[in-house]
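>
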Amino acid sequence: MGYPYSHENEVPILSKYFGDPEARTLNGWKERGGYEALKKALNMSPEDVVEIVKASGLRGRGGAGFPTGLKWSFMPKTKASAKAKVKPHYLLCNADESEPGTFKDRELLRWAPHQLIEGCLIGAHAMGAQHVYIYCRGEFFEATQVLAKAVEDGYEAGIIGDDVLGSGKKIDVTVFAGAGAYICGEETGLMNSLEGRRGEPRVKPPFPAAVGAFGMPTTINNVETLAAIPHIVGNGGEWYRQWGSEKSPGTKLFCVSGHVKRPGNYELPLGFPLKDLIYDVCGGMIEDRALKAVIPGGSSVPLLSAEEAMGCALCYEGVVEAGSMLGCASVIVMDETTDIVHQVMRMASFYSHESCGQCTPCREGTAWVTTILQRIEDGRGTEDDLDTLVEVTEQMTGTTICVLSDSVAAPVQSSIEKFRDEYLALIRRGERLGTA
Amino acid sequence: MSKIPFKNPGWAGNVGEYDLTEEQVRGIDFVGVRPLEGGHAAGSATYPYMLEEKDPEGPLFEGPYQARFEKILTRYPTKRAALLPVLNLAQEIRGHVSPQTMDRVGELLELSSAHVRGVATFYTMYNKRPVGRHLVQVCTNISCNLCGAEDVLKAFLHHTNTEMGATSLDGAFTVIEVECLAGCGFPTCVQINSRYYENVTVDEVPRIVAHLRDKGAGLARSTGPEGEG
Numbered sequence: 016m017g018y019p020y021s022h023e024n025e026v027p028i029l030s031k032y033f034g035d036p037e038a039r040t041l042n043g044w045k046e047r048g049g050y051e052a053l054k055k056a057l058n059m060s061p062e063d064v065v066e067i068v069k070a071s072g073l074r075g076r077g078g079a080g081f082p083t084g085l086k087w088s089f090m091p092k093t094k095a096s097a098k099a100k101v102k103p104h105y106l107l108c109n110a111d112e113s114e115p116g117t118f119k120d121r122e123l124l125r126w127a128p129h130q131l132i133e134g135c136l137i138g139a140h141a142m143g144a145q146h147v148y149i150y151c152r153g154e155f156f157e158a159t160q161v162l163a164k165a166v167e168d169g170y171e172a173g174i175i176g177d178d179v180l181g182s183g184k185k186i187d188v189t190v191f192a193g194a195g196a197y198i199c200g201e202e203t204g205l206m207n208s209l210e211g212r213r214g215e216p217r218v219k220p221p222f223p224a225a226v227g228a229f230g231m232p233t234t235i236n237n238v239e240t241l242a243a244i245p246h247i248v249g250n251g252g253e254w255y256r257q258w259g260s261e262k263s264p265g266t267k268l269f270c271v272s273g274h275v276k277r278p279g280n281y282e283l284p285l286g287f288p289l290k291d292l293i294y295d296v297c298g299g300m301i302e303d304r305a306l307k308a309v310i311p312g313g314s315s316v317p318l319l320s321a322e323e324a325m326g327c328a329l330c331y332e333g334v335v336e337a338g339s340m341l342g343c344a345s346v347i348v349m350d351e352t353t354d355i356v357h358q359v360m361r362m363a364s365f366y367s368h369e370s371c372g373q374c375t376p377c378r379e380g381t382a383w384v385t386t387i388l389q390r391i392e393d394g395r396g397t398e399d400d401l402d403t404l405v406e407v408t409e410q411m412t413g414t415t416i417c418v419l420s421d422s423v424a425a426p427v428q429s430s431i432e433k434f435r436d437e438y439l440a441l442i443r444r445g446e447r448l449g450t451a
Numbered sequence: 008m009s010k011i012p013f014k015n016p017g018w019a020g021n022v023g024e025y026d027l028t029e030e031q032v033r034g035i036d037f038v039g040v041r042p043l044e045g046g047h048a049a050g051s052a053t054y055p056y057m058l059e060e061k062d063p064e065g066p067l068f069e070g071p072y073q074a075r076f077e078k079i080l081t082r083y084p085t086k087r088a089a090l091l092p093v094l095n096l097a098q099e100i101r102g103h104v105s106p107q108t109m110d111r112v113g114e115l116l117e118l119s120s121a122h123v124r125g126v127a128t129f130y131t132m133y134n135k136r137p138v139g140r141h142l143v144q145v146c147t148n149i150s151c152n153l154c155g156a157e158d159v160l161k162a163f164l165h166h167t168n169t170e171m172g173a174t175s176l177d178g179a180f181t182v183i184e185v186e187c188l189a190g191c192g193f194p195t196c197v198q199i200n201s202r203y204y205e206n207v208t209v210d211e212v213p214r215i216v217a218h219l220r221d222k223g224a225g226l227a228r229s230t231g232p233e234g235e236g
């Protein structure tokens, strides 16, 4: 259920036990049906488990939306006969939740740690991985402690370790704490970080399924993706498709923040109308003020104007149609008092701070974009600056190793396109059209 | 819509419709006190490494910390992979990671000084300089910013009588700005040492600061804006 508020339109699958402290204990989790799906999976061949995930149509919940079953099938097969010669395989769980606006993984970690562990173990079985690393962001001390305790309990109960549930399979799980770097949420940056290096993304190819963590075949999945796995494997692929659309099956946690009355996480079928999410599920805008803009997928996707937002369906293809991207479904709602220029400047300065510095367009571009926006904010901007911003961000799109650079281009370009009057009011008259 | 429920036990974050204590929200009721020597090796790299009491010259990795250091090494195929957890461990003891600390960690893990320094300076959670007993990190990124985070930051600077990034004269507080803490639904989100303080408003700041001064960062007892519970 939604936390800290629930709603009747929710379909609570992953979030069913949010706010239920009993559910994070091993016994509590078992009483709620936990680890049955793992038993089922261990009695199946790895290929059959991958087929179920493929059939469900589950798409990666970290932002890119890549089909999970397909990703799993890229891992080289381990042949039982050649066991001794097989390279180690790794499964990494990306719990480095750091996209501004996103706060779903923390809830999954702190309320349902065994759900994630079960998903990790099923994934490890399906891909022949012997070790799962769960990379938690360093700031998540409290949630990480809960997860670490659950892993310890799992080892003690024989669910994790040398003989997973008596199947003869050896799967280790290690909880890793990062040290504060947004870029480590990028999959290859995370691998470098796990290996004790700076979290700089790697050039692909080679892809992680061939050469990943420690040079070995590796798959990396988001917390929410892996948390969905036990439910899919337990109930079947078709079951999961009863929600969502053809291209975006299933349910998704929507993180709503900003100027709504009841912010929080809500689990809804994909395709849910953004309008209903704001005005019904979240109880409407604070003090019933007018909506100005919505960022539907975390700070690295284009802004939607109020008008665009009203017709937007929250599934991967629906948000693209509306002119943005679903990302990790982090809906940031901004009302009429919002100073768009200030908020875009804040986002740009974030990306500038978090750029790893490897690629010139990103290192230089994020810094210059921030400088120009700061100049406009300080009342020293010119109208030419807007053209410069568009030109610079165009050069930052698709020209770097990872997409951090593109991420700053999205809010800058979309805000100049959709809220040009706000920039012009500030440049021409020193007037702010928002007051927050 | 009738009144929207809002409760914030111990500044652990709004529990809304749920009836939860601070210990339950933070998970303390479930986790309890984890042993200093690290417990099971699987979780030995996850301890809180921002403590109130710091020993800047403290020996690295003796006693229970030695045990934890060794457990961390067992979890990775290379020694280098232990670098981040070991730097965390060093910071837990000393409060910050000085060049001397980096060099010592490099020796222990057979890594060059250049590599360790390159890594340590890449990550923002390693304090390169000593910090106060309470490191207050206020998120001012977009979701918190929309809900008044910049005023909360100013209030912390005012009530702790410090400047951004500097430590107060009594050594109690260092206040800095931090990027998104992933608590966007609970604005403003503030990390103080190892704990999150959520739904922090300007009005709450003096009480949080007084609480930290009086009782340390131990469990806070508050039921939110309505008053002490």
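Chains A and B are the protein sequences, given in the same order. Residue numbering for the first sequence follows our numbering, beginning at 16 and increasing consecutively. Residue numbering for the second sequence follows our numbering, beginning at 8 and increasing consecutively. Don't be surprised by glycine CBs; every beta carbon is placed ideally from N, CA and C.
1. What is the rounded straight-line gap between the Cα of B:Leu226 and the Cα of A:Ser430?
2. Which partner residues of B:Asp177 appear in the DSSP bridge assignment?
3. A:Tyr197 and A:Ser113 look like a contact to me (Cβ under 8 Å); what is the Cβ gap, rounded to whole Å?
4. Please state if the CB of A:Pro82 and the CB of A:Arg76 are separated by a distance shorter than 9 Å.
5. Going by CA-CA distance only, name the one from A:Gly211, A:Gly181 and A:Lys433 that's closest to A:Tyr150.
6. When DSSP builds the beta bridges, which residues end up paired with B:Arg140?
7. Note down the Cα distance separating A:Ile387 from A:Gln428, rounded to an integer number of angstroms.
8. Going by DSSP, name the residue or residues bridged to A:His129.
9. Can you check the stretch 59-85 of chain A for any alpha helix (DSSP H) of at least 4 residues that lies completely inside it and give the ranges in chain order?
10. Looking at C-alpha atoms only, which residue of A:Glu66, A:His22 and A:Phe118 is the closest neighbour of B:Ser150?
11. Counting C-beta neighbours from all protein chains within 10 Å, is the total for A:Lys185 16 or more, i.e. buried, or is it exposed?
12. Quick one: complete beta strand (DSSP E) runs, 3+ long, within the stretch 218-265 of chain A?
13. Could you confirm whether any beta carbon from chain A is found closer than 9 Å to the beta carbon of B:Asn168?
14. Locate the alpha helix (DSSP H) running through B:Gly113, then write down its first and last residues.
15. Report the CB separation of A:Thr40 from B:Phe37 in whole angstroms; it is logged as a contact under 8 Å.
16. Can you tell me whether A:Ala424 is buried or exposed? The criterion is at least 16 other CB atoms within 10 Å of its CB, across all chains shown.
17. Leaving out five residues before and five after A:Val309 in sequence, what residues of the same chain have Cβ atoms less than 6 Å from its Cβ?
18. Under 7 Å between beta-carbons, which chain B residues line up against A:Thr189? List them in chain order, please.
19. Taking 8 Å as the cut-off, does the CB of B:Val197 come closer than this to any heavy atom belonging to the ligand MN?
20. Would A:Ile175 pass as an interface residue toward chain B - the criterion being a Cβ-Cβ separation below 9 Å?
21. Take the Cβ of A:Ile247 as the centre, count every other Cβ of all protein chains shown within 10 Å, and call the residue buried at 16 or more, exposed below.
22. Starting from the Cα of A:Asn453, find the closest Cα among A:Glu46, A:Glu157, A:Gly181 and A:Leu53 and give me that residue.
23. Can you round the beta-carbon distance between A:Gly286 and A:Gly259 to whole angstroms, since I take them to be within the 8 Å contact cut?
24. Closer than 9 Å, Cβ to Cβ, to anything on chain A: give me those residues from the stretch 194-208 of chain B, in chain order.
25. Could you list which residues in chain B have their beta carbon closer than 9 Å to that of A:Ala196, in chain order?
26. Excluding five sequence neighbours on each side, which residues of the same chain lie with their C-beta closer than 8 Å to the C-beta of A:Arg390?
27. By alpha-carbon positions, which one of A:Gly143, A:Glu302, A:Leu419 and A:Val384 ends up nearest to A:Thr403?
28. Give the interface partners of B:Arg295 over in chain A, defined as CB-CB distance under 8 Å, in chain order.
29. Hey, could you find the ends of the alpha helix (DSSP H) A:Ala172 is sitting in?
30. Tell me, to the nearest whole angstrom, how far the beta carbon of B:Val143 is from that of B:Phe180; I am working on the premise that it is less than 8 Å.
31. Which residue comes first and which comes last in the alpha helix (DSSP H) that contains B:Phe37?
32. Sort out for me which residues DSSP pairs A:Lys267 with in a bridge.
33. Run through DSSP, which three-state label would B:Gln73 get?
34. Looking at A:Glu455: is its Cβ nearer than 9 Å to the Cβ of A:Lys262?
35. For the alpha helix (DSSP H) containing A:Arg361, list its first residue and its last residue.
36. Is it the case that the stretch 265-284 of chain A contacts the stretch 182-199 of chain B, given that we only count it when at least three CB pairs across the two stretches are under 8 Å?
This is what the structure gives:
1. Low per-residue confidence applies at B:Leu226: pLDDT is 44, beneath 50, and the placement is therefore not dependable, though the value from the model is reported in the following sentence. Spanning the two alpha carbons is a distance of roughly 43 Å.
2. Looking at the DSSP output, B:Asp177 sits in no beta bridge, so it has no partner there.
3. So it is a contact: roughly 5 Å between Cβ atoms.
4. Contact: no.
5. Out of A:Gly211, A:Gly181 and A:Lys433, A:Gly211 has the C-alpha closest to the C-alpha of A:Tyr150.
6. DSSP lists no partner for B:Arg140.
7. Rounded to the nearest angstrom, the two C-alpha atoms are 14 Å apart.
8. Its beta-bridge partners do not exist; DSSP assigns none.
9. Along the length of the stretch 59-85 of chain A, whole alpha helix (DSSP H) runs at least 4 residues long occupy 61-71, reported in chain order.
10. Out of A:Glu66, A:His22 and A:Phe118, A:Phe118 has the C-alpha closest to the C-alpha of B:Ser150.
11. A:Lys185 is exposed by the Cβ-count criterion.
12. Uninterrupted beta strand (DSSP E) stretches at least 3 residues long and entirely within the stretch 218-265 of chain A occur at 233-237, given in chain order.
13. No, its Cβ sits nowhere closer than 9 Å to a Cβ of chain A.
14. Bounds of the alpha helix (DSSP H) holding B:Gly113 are Pro106 to Leu116.
15. Confirmed, about 7 Å.
16. Answer is buried; the Cβ neighbour count reaches 16.
17. The residues are Leu319, Ala324 and Val348.
18. By Cβ distance, chain B contributes Ala49 and Arg82.
19. The ligand MN is absent from the structure shown, which contains no ligands of any kind.
20. For A:Ile175, at least one C-beta of chain B is nearer than 9 Å to its own C-beta.
21. So A:Ile247 counts as buried.
22. A query on residue 453 of chain A cannot be resolved here, the shown segment of chain A reaching from 16 to 451 and no further.
23. The beta carbons of A:Gly286 and A:Gly259 sit about 6 Å from each other, so the pair counts as a contact at 8 Å.
24. Cβ contacts with chain A: Pro194, Cys196, Gln198, Asn200, Ser201, Arg202 and Tyr203.
25. For A:Ala196, the chain B residues whose C-beta falls within less than 9 Å of its own C-beta are Phe129, Tyr130, Thr131 and Met132, listed in chain order.
26. Excluding residues within five positions, the ones whose Cβ falls inside 8 Å are Gly396 and Asp400.
27. It is A:Val384.
28. Coverage of chain B is limited to positions 8 through 236, which leaves residue 295 of chain B absent and any answer about it impossible.
29. Neither: A:Ala172 is in no alpha helix (DSSP H) and is coded neither H nor E.
30. About 6 Å separates the beta carbons of B:Val143 and B:Phe180, which is inside the 8 Å limit, making them a contact pair.
31. Where B:Phe37 is concerned, the enclosing alpha helix (DSSP H) stretches over Ile35 to Val38.
32. According to DSSP, which records beta bridges pairwise, A:Lys267 is partnered with A:Leu283.
33. Correct three-state label for B:Gln73: helix.
34. Absent from the model: residue 455 of chain A. The displayed extent of chain A is 16 to 451, so no value can be given.
35. Unbroken alpha helix (DSSP H) run through A:Arg361: Ile355 to Glu369.
36. Verdict: yes, contact present.
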